[in-house]
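Participant: After the structure tokens below, expect a handful of questions from me.
Protein chains: 2
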Amino acid sequence: MLTGQCMYTSHSLKAELNERGWRLTPQREIILTAFRNLPKGQHLSAEDLRELLSQQGNPISLSTIYRNIKLMSHMGILRELEFAEGHKHYELNQPYPNHHHHLICVKCNQTIEFKSDSVLKIGKTEAQQAGFHLLDCQLTIHALCPPCHGLA
Amino acid sequence: MLTGQCMYTSHSLKAELNERGWRLTPQREIILTAFRNLPKGQHLSAEDLRELLSQQGNPISLSTIYRNIKLMSHMGILRELEFAEGHKHYELNQPYPNHHHHLICVKCNQTIEFKSDSVLKIGKTEAQQAGFHLLDCQLTIHALCPPCHGLA
DNA sequence: ATCAAAGTTTACAGTAATTCTCAATAAAAA
DNA sequence: TTTTTATTGAGAATTACTGTAAACTTTGAT
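Which chain is which? The protein sequence lines are V and D, in order. Every letter in the first sequence is one number past the one before it in the working numbering, and letter 50, counting from 1, is 744. Every letter in the second sequence is one number past the one before it in the working numbering, and letter 111, counting from 1, is 805.
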């Protein structure tokens, strides 16, 4: 089974945000990257994350952190861990739970998701050939849907 | 659209525009030329393009730039690249033999272009299946390059 | 129960990328 | 040429977002 081997990247995050009419911001990218670079098995509270990012030279306000870890949890990108202590911890939801590609009408933004093992295979092969370690690959198809194509 | 052999020239641009009841304006010609003269592998945001044209002595208003890069993307002349920066980038959408995809290191941003007939085929099939008119399909692979993977 | 501190959410004013409005202009057709 | 109508530039409008600060809400201790 090939599906489910990919990691979230800024690109896949952007794709999923855009699909819902939301935006990829520097802050969201930084937060995702922080979780991706976290050693396996580690997890962070909101306050932990604020400190970590501050130390890295990327200070992000606590409210933005709260807003976005909540958002990413709802999107399935992060998992909320409930420890008895009363404050939540978060970690990346690995592997990428619902890996898919996008067919988008550039006029009306209608978006169709589709899965493809072939694409993933091609991605693996290309990455390997260049000696890269694959994280994610996404096919984005830009097109015009029937109604939009019909009109001039 | 993706299968032609030639690059767009002002002449073919005019033909395609007129065919749809649109006009060739100096601004559109300038924008197309700017993209044609862009070094291989480069791409521009709307703001980049405005600055470039300004420096060249061809200032074009930002709204006109936005209007026309959108139009040209819909015509299949430009392709919209979604690198995760919060704003879109554009490059010429080159027809089949030069049509390419991107392999990007998420850490150092090293980018490798590669070609793939299989991806193009998958894109065509998916678009057809949904009854969409294909404009562009791009596989974006995110990975770690050897040096970046070696380091923690 | 009551209180303080920690943890989380909300209100609000300002920001950035993009789109829209509209009077003036200029391609293309007649 | 003249007419028709798409297009332009300037600035306003739009929209999701952010940081600051104030307002809740738990939780644990008294």
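Just so it is clear, CB atoms sit at the ideal spot from N, CA and C, and this is done for glycine as well.
1) Short of 8 Å in beta carbon distance, which residues of its chain neighbour K782 of chain V, apart from the five on each side in sequence? Order them along the chain.
2) Mind checking D811 of chain V: buried by the 16 CB within 10 Å criterion, or exposed?
3) Please classify K849 of chain V as buried or exposed, where buried requires at least 16 other C-beta atoms within 10 Å of its C-beta.
4) Can you tell me the Cα-Cα spacing of L756 of chain D and G844 of chain D, whole angstroms?
5) Just tell me which of V:N792, V:L829, V:L838 has its CA closest to the CA of R730 of chain V.
6) What number of angstroms, rounded off, separates the C-alpha of R722 of chain V from the C-alpha of A778 of chain D?
7) Return the CA-CA distance between H836 of chain D and T703 of chain V, expressed in angstroms with no decimal places.
8) What residue from V:M769, V:A821, V:E807 has the CA that sits closest to W692 of chain V's CA?
9) Are the CB atoms of L765 of chain V and M701 of chain V within a distance shorter than 9 Å?
10) DSSP three-state call for Y702 of chain V: helix, strand or coil?
11) Report the residue ranges of all alpha helix (DSSP H) runs contained in full by the stretch 726-756 of chain V; include only those spanning at least 4 residues, in chain order.
12) Check each residue of the stretch 728-744 of chain D: if its Cβ is closer than 8 Å to any Cβ of chain V, include it; give the result in chain order.
13) Would you mind giving the Cβ-Cβ distance between C831 of chain D and L833 of chain V, rounded to the nearest angstrom? I have them listed as a contact below 8 Å.
14) With a 10 Å radius around its C-beta and 16 neighbouring C-beta atoms as the bar for buried, classify G698 of chain D as buried or exposed.
15) With DSSP collapsed to three states, give me the class of M695 of chain D.
16) Are I806 of chain V and H793 of chain V close, meaning C-beta to C-beta below 9 Å?
17) Taking Cβ positions, are I771 of chain D and L726 of chain D nearer each other than 9 Å?
18) Give me the Cα-Cα distance between H737 of chain D and V813 of chain D, rounded to the nearest whole angstrom.
19) Taking Cβ-Cβ distances shorter than 7 Å, what residues in chain D pair up with H827 of chain V?
20) With a cut-off of 9 Å, does the C-beta of L711 of chain D fall near any C-beta of chain V?
21) So, with DSSP's three-state summary, where would you put H843 of chain V?
22) If you follow the alpha helix (DSSP H) that T819 of chain D is in, where does it begin and where does it stop?
23) Output yes if chain D places a C-beta closer than 9 Å to the C-beta of L797 of chain V; else output no.
24) So which residues on chain D does D830 of chain V lean against when the C-beta distance must stay under 7 Å?
Facilitator: With the structure as the only source:
1) Around K782 of chain V: S739, A740, E774, L775, E776.
2) It is exposed - the Cβ of D811 of chain V has fewer than 16 other Cβ atoms within 10 Å.
3) For residue 849 of chain V there is no data in the structure shown, the boundaries of chain V being 695 and 846.
4) One C-alpha to the other measures close to 43 Å.
5) Here the closest residue by C-alpha is V:L829.
6) In a straight line, the C-alpha of R722 of chain V is about 10 Å away from that of A778 of chain D.
7) Each residue's alpha carbon lies about 7 Å from the other.
8) One cannot answer for residue 692 of chain V here, as it falls past the ends of chain V, which runs 695 to 846.
9) For M701 of chain V and L765 of chain V, no; Cβs fall outside 9 Å.
10) Residue state, collapsed to three classes: coil.
11) Taking only runs of at least 4 residues, the alpha helix (DSSP H) segments lying wholly in the stretch 726-756 of chain V are 740-749.
12) So the list is empty, because no residue satisfies the distance condition.
13) Yes, they are in contact, since the Cβ atoms of C831 of chain D and L833 of chain V sit about 6 Å apart, within 8 Å.
14) Bear in mind that a pLDDT of 49 at G698 of chain D, under 50, signals an unreliable position, so the number given afterwards is only what the model happens to contain. Exposed is the call here.
15) Only weak support is given to the placement of M695 of chain D: the predicted model assigns it a pLDDT of 49, under 50, and the value that follows is read from those uncertain coordinates. Taken through DSSP and simplified to helix, strand or coil, M695 of chain D comes out as coil.
16) Not a contact, by the Cβ cut-off of 9 Å.
17) Closer than 9 Å, so yes.
18) Going by the C-alpha atoms only, they are around 21 Å apart.
19) Within 7 Å Cβ-Cβ: A837, L838, H843.
20) Not one chain V Cβ lies under 9 Å of L711 of chain D.
21) Here H843 of chain V carries a helix assignment [DSSP, helix/strand/coil].
22) Its alpha helix (DSSP H) spans residues 811-823.
23) Cβ-Cβ to chain D under 9 Å: yes for L797 of chain V.
24) Taking the beta carbon of D830 of chain V as reference, the chain D residues within 7 Å of it are H836, listed in sequence order.
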